[in-house]
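S.K.: So that we are looking at the same thing, I have put the structure below in structure tokens.
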């Protein structure tokens with residue numbers, strides 16, 4: 336009998352590993368070890384807060400895990416999965432309303448090219464070298480199917496993000512060689528379902544949830560099932 340892979344959970348812009356806490360608990364109950372990553376950033380974790388710094392951080396996390404890994408990325412961190420997700424021990428990639436990018440694209444170029452995002456370039460403030468999203472905008476764009484208490488709590492924990500996270504053009508596409516699954520969130524106001532389906536068509540398999548941009552908060556059990564189902568498929 337094969338050993339279950341370690342599930343590495345990577346958060347989106349402005350968030351932290353805390354966004355995956357509920358899913359991580361459920362994965363543990365199902366027999367999976369998980370590692371919720373907190374990427375470097377202001378008021379978040381030490382280290383290089385830029386896109387290359389995030390890639391290096393995630394590569395270091397992967398390298399420190401013995402055995403098989405399934406990487407799960409939410410939103411922005413899909414771009415990281417594409418850059419460093421083909422490490423030798425990575426068996427699969429899961430994109431949860433995440434940016435599954437072709438080389439030459441960036442989070443900004445894809446999300447701003449199509450109308451409809453309510454967390455796009457016109458909804459974000461730049462303060463120095465960082466991007467800030469106001470709590471009211473976040474509650475509306477990210478958490479509208481969460482309880483009011485959960486939405487308020489999550490919005491209050493958001494931290495500034497370095498501008499490079501949104502603007503860096505990626506150079507690699509690990510999803511071309513690593514088995515990958517895309518979870519489309521059909522009620523998403525931040526990354527529209529149309530944009531998600533365009534990216535989902537690039538990978539091996541896809542599923543759809545009637546969820547906002549943050550299903551790990553609003554329906555963690557369903558997200559956990561999506562992850563473990565794919566992990567069993569790719570790892571046996």
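Residue numbers (this note's numbering): 336 to 571. Note that CB positions come from ideal geometry on N, CA and C, so glycine has one too. Remember, it's a predicted structure, so these values are computed and weren't measured experimentally.
1) So what does DSSP say about residue 336, is it helix, strand or coil?
2) In terms of residues, what are the limits of the beta strand (DSSP E) holding residue 371?
3) Could you spell out where the alpha helix (DSSP H) holding residue 562 opens and where it closes?
4) What's the C-alpha gap between residue 403 and residue 395?
5) Can at least three beta-carbon pairs, one atom from the region 351-371 and one from the region 427-440, be found at a separation below 8 Å?
6) Using C-beta distances below 6 Å, list every residue in its chain close to residue 393, excluding the 5 sequence neighbours before and after it, in chain order.
7) Checking the sheet assignment: what are the DSSP bridge partners for residue 461?
8) Once you ignore the five residues that flank residue 336 on each side, which residues in its own chain have a CB closer than 8 Å to its CB?
9) Where does residue 542 land, buried or exposed, given buried means 16+ other C-beta within 10 angstroms?
10) In the region 417-451, which residue ranges form an unbroken beta strand (DSSP E) of at least 3 residues, counting only runs that do not cross its ends?
11) Pull up the distance between the alpha-carbon of residue 512 and that of residue 484, whole angstroms please.
12) May I ask you to verify whether the region 504-519 touches the region 531-548, counting CB pairs closer than 8 Å and requiring at least 3?
13) So who's on the other strand from residue 380, going by DSSP bridges?
M.R.: Considering the structure as presented:
1) Note that residue 336 has pLDDT 41, beneath the 50 cutoff, so the model's placement of it is unreliable and the number below is only indicative. In the structure shown, residue 336 sits in coil (DSSP, three-state: anything other than H, G, I, E or B).
2) 369-372
3) 555-570
4) 15 Å
5) no
6) 415 and 419
7) 466
8) Reliability of the predicted coordinates at residue 336 is poor, the pLDDT of 41 falling under 50, and the value obtained from them is presented with this limitation in mind. Here the set comprises nothing.
9) exposed
10) 425-431
11) 41 Å
12) yes
13) 376
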